[in-house]
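Numbering (UniProt numbering), first residue to last: 1 to 923. Glycine included, C-beta positions come from ideal geometry on N, C-alpha and C. Below is one structure, written out as structure tokens, with a few remarks after it.
This is the structure:
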């Protein structure tokens, strides 16, 4: 398309452009040439330089700055009209150019005005460093998100670092300096003169709005956000971006920039979602509609159907859908902490919060509505979002967008209908379903029997449980009398008064009412200082009932929930807890979230990454726990899932630890984690340790040193206690030479040790070892070595003696002086099955290679039976017995029993089958 042809759609639609070229005919030739290339930051800088003139100083006088910025704005606007309506500029070019223009304008105005003020009053300096202290100019809304529309105003907040005084002859306070600077800057950008204006400016998003100071110190901002920050301000600060602006040579704003970000992120993105905020966000959703209605009435009652920003199915509704998911989940999922809307939408789709098809349709609607919005604003260069009511003008708009009137209307209606429906269902979409509304006092709080004081609650407990209630009464007295509760704000105390009797009623509906009540009260005491969780349990009775059922079913689950109350969030959308774990999705999202955990200087935020991995492990384990308590998982399936989760987290630990020890650019770790014990056999439990061995196969000169450092770093990453707890306890003693050996072992040394120095018990342990994570080639080499060791010929009698000796040693280390049967260590228990299986593998894998594979004890017994090494019927009975023993052990652990033991008259058949297996194989 030729340049003159490109101009045709713009000239047909935009009265502003026609008048501009009529008034300045010389501009037509310039425009025809300018529209041939995209509007980029470099091109705008070139235009700015041309407009300022070759002899212009680096910092323009204020009057010259005003003129240059207005002419620059006109150039950018004119070129975008042509390129956009000709279909040559995508949304990213248009909003990117307008955002860059705003950055240029704000920075130039700041430099010019600051130079004037500094000439009179001197430069504000950081008291700590003595360096010049810049003003921190924060772009809000679409400016912050780098998605400014073509006729937008810009929302700004002006901040500064430390209080103090300027250093000139007529000194003034920093507060006064930055206030004057702000007041004088705004007309440079927003005042209309013979050259038009650059941007309308709005400072009302600052703390206290119009009644507050024009510029705020960071300390004052911190106090405001902590003490007075409201939900809509979280929404506003989500996109806040520090604009690139420097007025003083030698200044360094990096420290203040980090301080600002450290205030913004926790204010917007909260790790513990505040369920008070849920109601506020629902109200905000309704205010979006009501706000439009008020504005519409002010415009003579124009129908909301014509407003593509604020009306039904408009741009504002798409923004709310995307940003709500960020506010709710962003504290836990750092990958969602994006300022740009489309970037955030893509992150939410990857995270599984918004279905892929819905995300695609939302993006298509957003792009369509934004392009339509820009076309409306191109017409007369005014900030409008109203579609023409006149059919001829609507048809002209469609033509400007390259569409027929019918196609335009049909497409617009489809997009808006989908957006409107999505907006209505937004809370359900992001996992905060509206199917359960907060309880009214008559529902969740129990209007008829809510206690007015401690005595009434105690009477309810006595009536419910009689003589058995003494322990619960003591706990209630301690709870209500504790400093933790007495120091609560009034609103939290009221919630507590409503929550305790509600918890009592929920407990009475479970299978173990008294136990459930005691455990619920323990949980309530734990969360007393977290108003978010008091609100959740007090105002969402269905969630309280779910918690009651879980703690009634398992004291271990109750303890787990009490230790990690952030898991309560998972109970809001109960259905998702029963979906199978998608390890591919978990891994993808975890990687994205960890990548997003960055300090302001771009380096990894290690503490935050470690906490995030622990939170993900807790959440996934809790999902399995919920399914386990509902009987939806076998013990084997549960162990497989917990083992797969551990493998995933080990893989991510290698990825995060390697850059911290490697000094060779681009080098990849030729390193593998070998799992032994429960993880090796994929029999992991909720609280199992990880038995690990670290191997490497790398020719680099510093290999031994760097991989030892990697092993230490990984061990620390996994086992360090952080504010989110410990990821896993790690045991590295199964490596060659145990505690005396190297932390990471070369493949060559490992192979040599296994062939020449390993004890029989180490080969027994090897039967349950497997490659878990890391370099697949190193893992494959390990599996080859393992197989070669296991198939070596052995003297059955000598091996038998060594296995029996090790069994006696294990038995001596776990004495049982009770009359009960220990499911794991006593004769006829699980260890007997494991030793028999290990003996069979070591003795016969050379002649029966199928036994080499790490398939678990039950499968290996079946294969031994099929190979004729033991009677198939005995193999089946012993395998069934082992399965039952594991299941009972798991059930006892879920009941909080430390040692899995049962009465001597229980599990008779299972114990007999195991003893028979032992006798048949080992005598």
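Asked                                                                                                          : Found
For residue 774 and residue 604, believed in contact at Cβ under 8 Å, the rounded distance                     : Rounded, the Cβ-Cβ distance is 20 Å, inconsistent with contact.
DSSP-derived helix/strand/coil call for residue 657                                                            : helix
Proximity below 7 Å, CB of residue 879 to CB of residue 908                                                    : no
Completely contained alpha helix (DSSP H) runs for the stretch 805-888, where each covers 4 or more residues   : 830-844 and 857-866
Complete beta strand (DSSP E) runs within the stretch 9-73 (minimum length 3 residues, chain order)            : none
Among 321, 566, 874 and 769, nearest to residue 913 - alpha-carbon criterion                                   : 874
Distance, residue 55 Cα to residue 149 Cα                                                                      : 33 Å
Residue from 777, 778, 752 and 783 with nearest C-alpha to residue 767                                         : 783
7 Å CB neighbourhood of residue 239 in its chain, flanking five on each side removed                           : 140, 141, 144, 145 and 339
Inside the stretch 721-789 only - alpha helix (DSSP H) runs reaching at least 4 residues                       : 747-756 and 760-766
Complete beta strand (DSSP E) runs within the stretch 192-219 (minimum length 3 residues, chain order)         : 215-217
Best match in 341, 512, 829 and 160 for proximity to residue 881 [C-alpha to C-alpha]                          : 829
Residue 230 versus residue 209: straight-line alpha-carbon distance, rounded                                   : 13 Å
Straight-line Cα distance separating residue 617 from residue 89                                               : 45 Å
Option in 316, 428, 341 and 497 with minimal Cα separation from residue 373                                    : 316
Proximity to residue 795 [Cα-Cα], best of 68, 513 and 841                                                      : 841
Limits of the alpha helix (DSSP H) - the one that residue 138 falls within                                     : Careful: residue 138 lies outside any alpha helix (DSSP H), inside the beta strand (DSSP E) at 135-139.
Inter-stretch contact (C-beta, 8 Å, three-pair minimum) for the stretch 801-812 and the stretch 888-907        : no
Extent of the continuous beta strand (DSSP E) to which residue 693 belongs                                     : 690-696
Which of helix, strand or coil DSSP assigns to residue 156                                                     : strand
Cβ separation of residue 215 and residue 107, assumed to be a contact under 8 Å, to the nearest whole Å        : Contact doesn't hold; Cβ gap of about 17 Å is too wide.
Completely contained beta strand (DSSP E) runs for the stretch 607-691, where each covers 3 or more residues   : 671-676
When 921, 328 and 68 are compared against residue 51, the one with the closest alpha-carbon                    : 68
Opening and closing residue of the alpha helix (DSSP H) in which residue 93 lies                               : 91-121
Nearest-angstrom Cβ-Cβ length linking residue 80 and residue 97, presumed shorter than 8 Å                     : 6 Å
7 Å Cβ cutoff met for residue 336 and residue 330                                                              : yes
Cross-strand partners of residue 149 (DSSP beta bridge)                                                        : In DSSP, residue 149 forms no bridge with anything.
Residue 306, DSSP secondary structure in three states                                                          : helix
Contact belief for residue 242 with residue 138 at Cβ below 8 Å, rounded distance in angstroms                 : 6 Å
Simplified DSSP state of residue 478, which is helix, strand or coil                                           : helix
Classification of residue 406 by the beta-carbon crowding that lies within 10 angstroms, buried from 16 upward : exposed
For residue 129, three-class secondary structure by DSSP                                                       : coil
Length of the line joining the Cα atoms of residue 45 and residue 66                                           : 16 Å
Coarse secondary structure for residue 907, derived from DSSP in three states                                  : coil
Three-state secondary structure (DSSP) of residue 384                                                          : coil
Unbroken alpha helix (DSSP H) run spanning residue 235, endpoints                                              : 231-237
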